[in-house]
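**Student:**
Protein chains in written order, with this note's numbering: chain A, 1 to 403; chain B, 404 to 769.
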């Protein structure tokens, strides 16, 4: 069987086709990614496809995820690969979904009901699901959820102290996201450290080109994470504000008479790095401008990004009662040595000491340990493989159904 | 010293002389001149008269400053930041200055300690067009945090440079202070942001506000729910103060509110250790140690990774007691938070007369 996996990031769309048979680890036969989907930056968007060692790359405008999905599905059709299953990543399953499901009309209706919970991701995932059903009507489709990994949070970590009846009526609680990535990198960290996962205290930073979060993982179980009910809370992200005074939302709607959907759009799509820098949502643009021209707004954006992340690392260090390894993952996590260097600055108090040379020369495509000899905490940059996790979760879901 | 402290619709006053304190409410129904005169005719009014301004915006930049009728007019620009409270403060000060021009009149400002927070702590990651409109983190309860910083400098054998101050009570807040300057604090644009309080929700995902609005609640209802019906009250199901929350086997026990407060304070301490690049002292303030000692030691037990060494010893010493072994790497100390005394001490730190500019320079260098 050939499993096509779509992974919707907020500013990217990745796909990967796995060949799965029997008990063997699924083999990756083709992959690709649409970069900077819908991004307002100085660099153009592009689409790349990998088949074996052959890479094709096209500079094409990628206005949104639906159009990108169509380009990818058309490309796959041309290659002649027969896709039997399609797996999708869905960010927010709310209280409807705590585990992966096979797609049918009822599930689709429930997914539609979840759309407002993650206003950037859920509608884009839905558009990719729709196009997949159109282009691959024969294939079995399944959906996996990013919020599932954080189901282990304790009440004091997930409770919002609102009136009980409101919490009950609306299902307000911290859900947390990037669960597929945390599941994968925590297991990778244990394997690379050659230690049982059950004994490890991990602080993991999933730093993507769109959304970012941090998680405190104790013995493989998530104990806290920076995103909340929606992916808006937590770190400063490319276009999301992260944490802010909830009164601000009330104040702005009241004082300036903004419509809630307008303000929600401002906080989700025009804030974060884009709002702070005023010119780009792309951290690469911002670090370049900050270091080349000393641009004040670029420096502020970078400084706020770093400071917020350091605060969460400090919090989770205490929450876990120590830290064995600090993990950096996803595009910025593995690809931006400047961010790692600044995050680890002045963090000797929690045992972090970075090896500057190892950090500078780390290969973004491979797992790399980056701590100096005197560091009490290991520092690991490791590429995440959300698509593999989606495929594995789909396979275990299908077990018993497949001959 | 006499201090006026607004609690709309009431204007409270505290009086302190020779360690004895008294307090009451101004009788505003009889008109401002009578109400203020009544208080300022008290024997304690021979020293200074202070007025607490709860929100000075970016206008009032000194935590404690002597005011004249002219300088007060300039500061009244800050009225809009918290109109109900600030109106009471400015009216009281104006009448005080007119009726008793020979007394020293001092404005105490709860946000001034945080007016120069570094940008990474004061700015919200929203578009510049919004930030231009006065949208920033202002902090609050600055007088208490600054007071705690000063106290801990003089009492510890080695003056700490990196201090985390934790004010416990119905409205808990924390601050990260280095060399006398605030680097971060938990209260933001309003006092709703930060840790859970007696009636406020503290940090919650702002998406919740939009969902409540779109389900038909008015902004006033949402504001009321998040500020007055959430926090301990929301979890316990009725109003519940900090001291009741701490009572063992009390009705609040099962609500989980105490554990949430403990957990949030712990997370802020960790975050502020990162802001300060390590910590040299942690100061807890609360009204009564006996009530809160269990709660505070419970937090200290989890501060081992910061270098706080647990000890059963509670050393007595002039308002300041150690809740961890003072010989440990990082001392955790407790200060009695008596608002009257704190405000009086902060007011007393202003020189009655003399060169204010010189005084403020000395403050900066200390």
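Ideal placement from N, C-alpha and C gives every residue a C-beta, glycine not left out.
Should the segment 612-620 of chain B be called in touch with the segment 558-575 of chain B, which here means at least 3 C-beta pairs below 8 Å?
**Tutor:** Verdict: no, contact absent.
**Student:** Examine chain B for any beta-carbon lying closer than 8 Å to the beta-carbon of residue 291(A), and answer yes or no.
**Tutor:** It does not: the Cβ of residue 291(A) has no partner Cβ on chain B nearer than 8 Å.
**Student:** Would the segment 488-496 of chain B count as touching the segment 518-529 of chain B if we require 3 or more Cβ pairs under 8 Å?
**Tutor:** No, the segment 488-496 of chain B does not touch the segment 518-529 of chain B.
**Student:** Check whether the Cβ of residue 568(B) lies closer than 8 Å to any Cβ atom in chain A.
**Tutor:** No, its Cβ sits nowhere closer than 8 Å to a Cβ of chain A.
**Student:** Kindly identify the DSSP beta-bridge partner or partners of residue 2(A).
**Tutor:** Paired residues: 19(A).
**Student:** Can you look up residue 409(B) in the DSSP assignment and give me helix, strand or coil?
**Tutor:** Here residue 409(B) sits in strand by DSSP.
**Student:** Could you check where the alpha helix (DSSP H) with residue 426(B) kicks off and where it finishes?
**Tutor:** Premise fails: residue 426(B) lies in the beta strand (DSSP E), 423-428, not in any alpha helix (DSSP H).
**Student:** If the criterion is Cβ atoms closer than 8 Å, does the pair residue 231(A) and residue 91(A) meet it?
**Tutor:** In this structure, residue 91(A) lies closer than 8 Å to residue 231(A) by Cβ.
**Student:** Return no unless some Cβ of chain A is closer than 8 Å to the Cβ of residue 657(B).
**Tutor:** With 8 Å as the cut-off, residue 657(B) does not count as an interface residue toward chain A.
**Student:** Who are residue 33(A)'s beta bridge partners in DSSP?
**Tutor:** DSSP lists 14(A), 48(A) as partners of residue 33(A).
**Student:** With a cut-off of 8 Å, does the C-beta of residue 411(B) fall near any C-beta of chain A?
**Tutor:** So no, residue 411(B) is outside the interface.
**Student:** Residue 347(A) CB to nearest chain B CB: under 8 Å?
**Tutor:** Yes, residue 347(A) counts as interfacial toward chain B.
**Student:** Please list the segments of the alpha helix (DSSP H) lying wholly inside the segment 106-162 of chain A, counting only runs of 4 or more residues, in order along the chain.
**Tutor:** Runs found: 121-135, 155-158.
**Student:** Quick one: grab the DSSP three-state call for residue 423(A).
**Tutor:** No answer is possible for residue 423(A): the residues shown for chain A start at 1 and end at 403.
**Student:** Where residue 370(A) and residue 362(A) are concerned, what is the direct C-alpha to C-alpha distance, given to the nearest angstrom?
**Tutor:** Taking the straight line joining both Cα atoms gives about 8 Å.
**Student:** Between the alpha carbons of residue 461(B) and residue 478(B), how many angstroms are there, rounded?
**Tutor:** Near 10 Å, if we compare the C-alpha coordinates of residue 478(B) and residue 461(B).
**Student:** How long is the line joining the alpha carbons of residue 340(A) and residue 326(A), rounded to whole angstroms?
**Tutor:** Whole-angstrom Cα-Cα distance: 10 Å.
**Student:** Cα separation between residue 379(A) and residue 323(A)?
**Tutor:** Each residue's alpha carbon lies about 10 Å from the other.
**Student:** Can you give me the Cβ contacts of residue 576(B) inside the same chain, cut-off strictly under 6 Å, excluding the 5 residues immediately before and after it?
**Tutor:** Hits under 6 Å: 544, 570, 589, 590, 597.
**Student:** Could you tell me whether the Cβ atoms of residue 12(A) and residue 34(A) are closer together than 8 Å?
**Tutor:** Contact: yes.
**Student:** What does residue 616(B) touch in chain A if you count any residue whose Cβ is under 9 Å from its own?
**Tutor:** The contacting residues are 249, 250, 253, 260.
**Student:** Answer with yes or no whether the minimum CB distance from residue 402(A) to chain B is below 8 Å.
**Tutor:** Note on residue 402(A): pLDDT 43, under 50, position unreliable in the model; the coordinate value appears next. Closer than 8 Å: no.
**Student:** Counting only the same chain and skipping the five closest in sequence on each side, list residues whose C-beta sits under 6 Å from that of residue 721(B).
**Tutor:** Residue placement at residue 721(B) is flagged as unreliable, the pLDDT there being 48, under the threshold of 50; the coordinate-derived value follows with that caveat. There are no such residues.
**Student:** Let me know if residue 404(A) comes out buried or exposed under the rule of 16 or more other beta-carbons within 10 Å of its beta-carbon.
**Tutor:** Since the first and last residues shown for chain A are 1 and 403, residue 404(A) lies out of range.
**Student:** If the cut is a Cβ gap below 7 Å, which residues of chain A does residue 610(B) touch?
**Tutor:** The answer, in chain order, is 229, 230, 232.
**Student:** Give the residues of chain B in contact with residue 310(A), contact being defined as C-beta atoms less than 7 Å apart.
**Tutor:** Those within 7 Å of residue 310(A) in chain B are 677.
**Student:** Look at the alpha carbon of residue 408(A) and the alpha carbon of residue 281(A), and state the distance between them as a whole number of angstroms.
**Tutor:** Nothing can be reported for residue 408(A): it is not among the residues displayed for chain A, which extend from 1 to 403.
**Student:** Of all the residues that make up the segment 312-328 of chain A, which are near chain B by a beta-carbon distance shorter than 9 Å?
**Tutor:** For the segment 312-328 of chain A, which is checked against every Cβ of chain B, the residues closer than 9 Å are 312, 313, 314, 315, 316, 317, 318, 319, 320, 321, 322, 323.
**Student:** If you draw a straight line from the C-alpha of residue 228(A) to the C-alpha of residue 360(A), how long is it?
**Tutor:** Each residue's Cα considered, the two are about 33 Å apart.
**Student:** Check whether the segment 540-558 of chain B touches the segment 496-503 of chain B, taking contact to mean three or more Cβ pairs, one atom from each stretch, closer than 8 Å.
**Tutor:** No, the segment 540-558 of chain B does not touch the segment 496-503 of chain B.
**Student:** Give the residues of chain A in contact with residue 531(B), contact being defined as C-beta atoms less than 9 Å apart.
**Tutor:** 275, 276, 278, 297, listed in chain order.
**Student:** Please name the residue or residues paired with residue 498(B) in a DSSP beta bridge.
**Tutor:** Residue 498(B) pairs with nothing; no bridge assigned.
**Student:** Kindly indicate which residue of 410(B), 516(B), 685(B), 691(B) has the alpha-carbon position closest to the one of residue 396(B).
**Tutor:** No answer is possible for residue 396(B): the residues shown for chain B start at 404 and end at 769.
**Student:** Among residues of its own chain, excluding the 5 on either side of residue 727(B), which ones have a beta-carbon nearer than 7 Å to its beta-carbon?
**Tutor:** If we look at residue 727(B) and ignore the five residues flanking it on each side, its Cβ neighbours are 703, 711, 712, 713, 714, 734, 735.
**Student:** Taking DSSP as the reference, what is the three-state secondary structure of residue 390(A)?
**Tutor:** Residue state, collapsed to three classes: helix.
**Student:** Hey, is residue 721(B)'s beta-carbon within less than 8 Å of any beta-carbon in chain A?
**Tutor:** Annotation note: pLDDT 48 at residue 721(B) (below 50); position unreliable, coordinate value reported separately. Output row for residue 721(B): interface = no.
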